[in-house]
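What follows is a set of notes on a single structure, which appears directly below.
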Amino acid sequence: MKKYWLFKSEPEEYGIIDLAKAKKGRWDGIRNYQARNFIKTMKEGDFVYFYHSSCPTPGIYGLMEIVGAYYPDPTAFDPSSPYYAQGHRSPKEPWLSIDVQFKEQFNVPLTLHEIKKLPLGQCPLINQGNRLSIIPLTIDQFDLIAHTLSLLNKV
DNA sequence: GCCAACGTTGGC
DNA sequence: GCCAACGTTGGC
Numbered sequence: 026m027k028k029y030w031l032f033k034s035e036p037e038e039y040g041i042i043d044l045a046k047a048k049k050g051r052w053d054g055i056r057n058y059q060a061r062n063f064i065k066t067m068k069e070g071d072f073v074y075f076y077h078s079s080c081p082t083p084g085i086y087g088l089m090e091i092v093g094a095y096y097p098d099p100t101a102f103d104p105s106s107p108y109y110a111q112g113h114r115s116p117k118e119p120w121l122s123i124d125v126q127f128k129e130q131f132n133v134p135l136t137l138h139e140i141k142k143l144p145l146g147q148c149p150l151i152n153q154g155n156r157l158s159i160i161p162l163t164i165d166q167f168d169l170i171a172h173t174l175s176l177l178n179k180v
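The numbering used here numbers the first residue of the first sequence as 26 and each following residue consecutively.
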C-alpha cells in the first residue's frame, strides 16, 4: 500500500528548485533515529511533499515520489561531508538515504500559516514533535493538502 | 538572534 | 535506568 510523507529541508541548503532542475535527488544527512526508522518503511511509489523550513515563508512547495529502495547514507562515511558520522556518532545500524523523483513544483505554496488552519487532526508538523524532519501523513491528511494545493494553484 | 521543544549524551 | 547538561531544529 502506498504511503505518504512530508520531508523538510532548508531551501538555502536544498530546495524544490534544486530538485526540479535535477529531476532526481538523494535524501541524505538524516541523523535522527525516528526518521531513520520511517525511511526503513518507505517503498518506491510513496508520495512525498517537499517542505521548506527555516526560511521566510515555511510551507509545502512541491511533490516528489520515492524511487528505489533505501541504502546506507554515503555522507555518513565521507569525512569531507558535514554529515560525516563515524566514531561514536556511528550507530550499529547505519544511517540511511533514499532517492526521490521530482513530480511537481507549486506556483503557490501551501504555507505553514495556511496548514495550521486545515483540519488535519494530529500531525507532528503542527503539534508537538515539529522538529521531526520526516513526517508520516495519513491518506486523509495527504488528500486534504492535495485538494487545498489544487485550489490555490487553479488557473 | 531568541527561545521553546525535545532528542541525545554521559555521569552516576 | 535516571536525569542534568548540552545540542539541534525551526518558528518567529
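Where a beta carbon is used, it is the ideal one built from N, C-alpha and C, also for glycine.
Since we're looking at a predicted model, the values are computed, not measured.
Quick one: what's Met-89 bridged to in DSSP? Its beta-bridge partners are Val-73 and Phe-127.
What residue range does the beta strand (DSSP E) around Ile-49 cover? Reading the sequence as shown, one finds Lys at residue 49 and not Ile. Note, Lys-49: beta strand (DSSP E), 49-52.
Rounded to a whole number of angstroms, what is the C-alpha to C-alpha distance between Gln-126 and Gly-84? Near 19 Å, if we compare the C-alpha coordinates of Gly-84 and Gln-126.
Going straight from the alpha carbon of Pro-81 to that of Ile-170, what length do you get? Taking the straight line from one Cα to the other gives about 21 Å.
So within the region 147-177, which uninterrupted beta strand (DSSP E) runs reach at least 3 residues, ignoring any that extend past its ends? With a minimum length of 3 residues, the continuous beta strand (DSSP E) runs that stay inside the region 147-177 are 159-162.
One or two residues paired with Pro-18 in a DSSP bridge: Residue 18 is absent from the model: the chain starts at 26 and stops at 180.
Whole-angstrom distance between Thr-173 and Val-180, CA atom to CA atom: Answer to the nearest angstrom: the Cα atoms are 14 Å apart.
Range covered by the beta strand (DSSP E) that runs through Phe-63: Looking at the DSSP string, Phe-63 is not in any beta strand (DSSP E); the run it does join, the alpha helix (DSSP H), is 58-64.
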